[in-house]
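I have placed the structure first, in the form of C-alpha cells, so that the comments after it can refer back to it.
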Amino acid sequence: MDFTEVYHSGPISFSPGAHLILTAVQDRLVLRRAESFQIVQTWLLDASITPTQALASTKAKGSLPDNSISHIGWSCDSEFVLAASAKRGVVHVYKVQDEKWTARIDSGAEGLVKAEWAPDGRTVLCFSQWGLRVTVWSLVTGTAIYIQFPLHPDTGYAFRADGRYFVLAERHKSKDTIGVYDTADSYKLVRHFPLPTSSMASLALSPTGNHLAVWEGPIEYKLCILSLVGEVLGTFCPDPDPGFGIRRVAWHPSGIFLAVGGWDDKIHVLDLTWSPAITLELSARIPAGVTIWREPAKWRETTEGRGFLSYERLQGPYSIVLQRVDQTKPNPKSGAIQLEWDKSGSLLLVRFENSPNAVHIYDFPLPEQDFLPRLRAVLVHSSPVLHARWNPVRKGSMSLCCGVQSLYMWSDEWLGDTGEEEMAECIGVPAKNFTTRDIKWTPDGKGIVLIDKDVFCCAFEVEEDL
50 MDFTEVYHSG PISFSPGAHL ILTAVQDRLV LRRAESFQIV QTWLLDASIT
100 PTQALASTKA KGSLPDNSIS HIGWSCDSEF VLAASAKRGV VHVYKVQDEK
150 WTARIDSGAE GLVKAEWAPD GRTVLCFSQW GLRVTVWSLV TGTAIYIQFP
200 LHPDTGYAFR ADGRYFVLAE RHKSKDTIGV YDTADSYKLV RHFPLPTSSM
250 ASLALSPTGN HLAVWEGPIE YKLCILSLVG EVLGTFCPDP DPGFGIRRVA
300 WHPSGIFLAV GGWDDKIHVL DLTWSPAITL ELSARIPAGV TIWREPAKWR
350 ETTEGRGFLS YERLQGPYSI VLQRVDQTKP NPKSGAIQLE WDKSGSLLLV
400 RFENSPNAVH IYDFPLPEQD FLPRLRAVLV HSSPVLHARW NPVRKGSMSL
450 CCGVQSLYMW SDEWLGDTGE EEMAECIGVP AKNFTTRDIK WTPDGKGIVL
500 IDKDVFCCAF EVEEDL
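Offset between the sequence shown (1-based) and the working numbering: plus 49.
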C-alpha cells in the first residue's frame with residue numbers, strides 16, 4: 050500500500066464516489082482531490098452570533114465561543130457538503146461547484162447535537178438537545194418540518210434502504226413509540242404505534258425494510274420484532290435470563306438472520322422464526338480446525354515500523370486470555386462490543402470486551418448450503434483492538450487498528466492452489482509519532498483513512514500494471 054503524508058484535521062469524509070475528501074480544521078472546511086490531495090476549495094464558517102450562542106453567552110459571560118466544526122457530510126450526489134458546529138447550534142451547507150451558493154441553518158434556543166443528510170441529498174436532519182425535536186430542513190423549498198420528542202439522536206432512527214420511509218423512535222407521555230414518515234410526501238406521518246418496551250435502547254431496520262428490531266436497555270434482555278404497521282411479529286428473551294441486557298444487534302445483509310449479543314459472551318443468531326438458529330459462545334480454548342493468526346512479537350522494532358509482515362499462522366487447539374469480570378458491577382467489561390457481517394453475509398466479525406486483543410471471524414454458509422456456521426479464524430494481537438472494519442465493496446476483506454503505529458489486514462480473497470486462501474498482514478505506518486486510533490474505508494473500498502487524535506493519513510492499494 051502507498052501512504053500519503055500526514056495532514057491536520059478534525060472530522061474526515063470521502064465523497065460517495067471517492068474522488069474528493071472533505072476535512073475540517075477548527076472552523077474551516079478543506080476540500081481536496083483524493084488522487085493528489087491538492088486543495089481545490091476551502092470554506093470559512095460564518096462566525097456571527099447564533100441564537101444558541103446568544104443563549105449560552107448569558108449563562109457563561111466572558112467565555113470564548115467555540116466555533117469548531119463537529120459534524121461534516123456529503124450529499125448522496127456529491128453536489129453539496131454540510132458542516133455543523135454543535136456548540137454554536139448552526140449548520141452551514143455549501144455547493145461544491147458554486148463558490149457563491151451557501152445556506153445556513155440556525156437551530157435556535159433548543160440547541161444542536163447532530164446534523165446529517167437524508168438519503169435524497171437535499172434534506173438535512175437536525176437533532177436538538179434534550180430530545181426536544183428533529184428538524185427536517187429542505188434545501189429545495191427552504192422550509193422546515195418539526196418532529197417532536199425523538200428518543201435517541203444516535204441509535205433511535207433509520208431510513209428504509211430505498212430512502213422512502215423515515216423510522217423514528219419517540220417518547221410520548223412516558224411511553225416508547227415509533228413514528229413512520231413518508232419522505233416523498235414532505236415527511237408526512239403515515240404510521241404511529243406504541244412499542245412493547247419500557248425503555249428502548251436502540252432499533253435496527255432490516256435491509257429489506259420489512260422488519261424492525263427494537264430492544265430494551267441494559268437491565269433487561271428483550272428484543273422485539275415488529276412490522277412497519279406496528280404488528281409484533283416476535284419476541285426474543287433467552288432462557289435462562291443472563292441478568293443483563295443487549296449490547297449489539299446486526300442484521301444479515303439478506304435480512305434472513307439477526308445476530309444478537311449481550312454481556313454474557315453469547316451470540317444468538319435468530320432466523321425468521323425469531324428464535325435462535327444457532328448460539329455462538331466465547332471460549333478461552335480455540336478448537337482444532339480454526340486458524341489462529343498471531344501478531345509477531347516486537348515486529349515493529351524489527352522492521353523499524355515499515356513494510357509488511359505476515360501474522361504467525363497457527364492451528365488450534367489454542368488458548369487465549371479472557372479477562373476476569375465482576376458481574377456484580379454495572380456495565381461489566383464483557384460481552385460483544387462489535388457484531389458486523391461482511392458484504393456477502395458469509396462472514397461475521399465479533400469482538401468481545403473481555404478478550405480485547407482478539408477478533409473472532411465466524412463462517413456462515415450460503416443459502417443453498419447446509420446451515421453449519423463455525424468459528425473460522427481468530428486474530429490475536431499484542432494490544433487491544435480499537436476498531437475493525439469490513440471493506441464496503443469487496444467481501445472477505447477487513448482492516449483493523451490497535452492504537453499503535455500500524456495497520457492490520459485480513460482477507461480471504463487470495464487465490465492459491467487449493468482455491469481461496471486467508472492472509473493476514475501487519476503493515477507499518479511510515480510516519481513519525483503517528484498512532485492509529487481509528488480507520489475508515491474509502492467508499493470504493495480501495496483505500497483506508499488512518500486517524501490519529503488531530504491528524505490523519507491515507508493508504509491506497511497499489512494497482513499493478515497489466
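By construction, the Cβ of each residue, glycine as well, lies at the ideal position given by its N, Cα and C atoms.
Coil, strand or helix - residue i by DSSP
i    : result
W312 : coil
A158 : coil
A91  : In the sequence as displayed, the identity of residue 91 is Thr instead of Ala. T91 falls in the strand class under three-state DSSP.
D234 : helix
G37  : The requested residue 37 does not occur in the structure, where the chain is confined to residues 50 to 515.
W323 : coil
T101 : helix
R137 : coil
K382 : coil
L421 : coil
Y360 : coil
E512 : coil
T151 : strand
Y270 : coil
H68  : coil
D412 : strand
R343 : strand
Boundaries (first-last residue) of the beta strand (DSSP E) holding residue i
i    : result
R349 : No beta strand (DSSP E) holds R349; the alpha helix (DSSP H) holding it covers 348-352.
M50  : Note, M50: premise wrong, no beta strand (DSSP E); not H, not E.
G283 : 281-285
K489 : 487-490
K450 : Going by the sequence as given, residue 450 is Cys instead of Lys. Run containing C450: 446-450, per the beta strand (DSSP E) assignment.
Q197 : 193-197
V79  : 77-82
L254 : 249-254
S62  : 61-63
I295 : 295-300
R400 : 396-401
A207 : 206-208
R220 : 214-221
Rounded distance between the beta-carbons of residue j and residue i, thought under 8 Å
i    : j    : result
A164 : L200 : Their Cβ separation, rounded to whole angstroms, is 18 Å, which puts A164 and L200 out of contact at 8 Å.
A308 : L371 : With a Cβ gap of about 21 Å, A308 and L371 do not count as contacting.
A458 : E474 : Checking the sequence, you will find Met at residue 458 rather than Ala. Contact flag correct, Cβ pair sits at about 5 Å.
R334 : S368 : 6 Å
F285 : L261 : The pair is not a contact, with the Cβ atoms about 14 Å apart (cut-off 8 Å).
G304 : S255 : 4 Å
D501 : F483 : 6 Å
A73  : P492 : Not really, about 18 Å apart at Cβ, beyond 8 Å.
Residues near residue i in its chain [Cβ-Cβ closer than 7 Å; skip 5 each side]
i    : result
P287 : Y270, H317
L113 : Because L113 carries a pLDDT of 49, less than 50, the predicted location of this residue cannot be relied on, and no value is offered for it.
L238 : G228, Y230
R343 : Y360, E361, L363, V429
G365 : I335, P336, A337, G338, V339, I341
V278 : R240
P168 : C125, F208, G212
G494 : N440, P441, V442, R443
Cβ-based neighbour list, residue i, same chain, cut-off 8 Å, excluding 5 preceding and 5 following
i    : result
R355 : G477, P479
E91  : Position check: residue 91 holds Thr in this sequence, whereas Glu was assumed. Same-chain partners within the cutoff: R77, L78, V79, L80.
L188 : F129, V142, A152, R171, T172, V173
W348 : L358, C475
S395 : D412, F413, P414, L415, K444, G445
R400 : A385, I386, Q387, A407, V408, H409, V434, A437
S156 : T99, P100, T101, G138, V139, V140, C175, S177, T184
V427 : I335, V339, T340, I341, W342, Y367, I369, A407, V408, H409, I410
G310 : I295, R296, R297, V298, I316, H317, G384, A385, L388, V399
Own chain, CB closer than 6 Å to residue i, minus 5 neighbours either side, in chain order
i    : result
H141 : L94, A132, R153
G496 : C507, F509
Q431 : Checking the sequence, you will find Ser at residue 431 rather than Gln. E344.
P202 : V162, K163, F176
S64  : W123, S127
L331 : D314, F401
S248 : G266
Residue i - partner residues in DSSP beta bridges
i    : result
P243 : T226
K495 : Answer by DSSP bridge pairing: none, since K495 is not bridged.
C175 : A164, T184
H317 : V309, T328
W123 : V130
R438 : S448
E265 : M249
R334 : S368
S460 : S446, M472
V142 : L131, A152
S455 : G477
Q387 : R400
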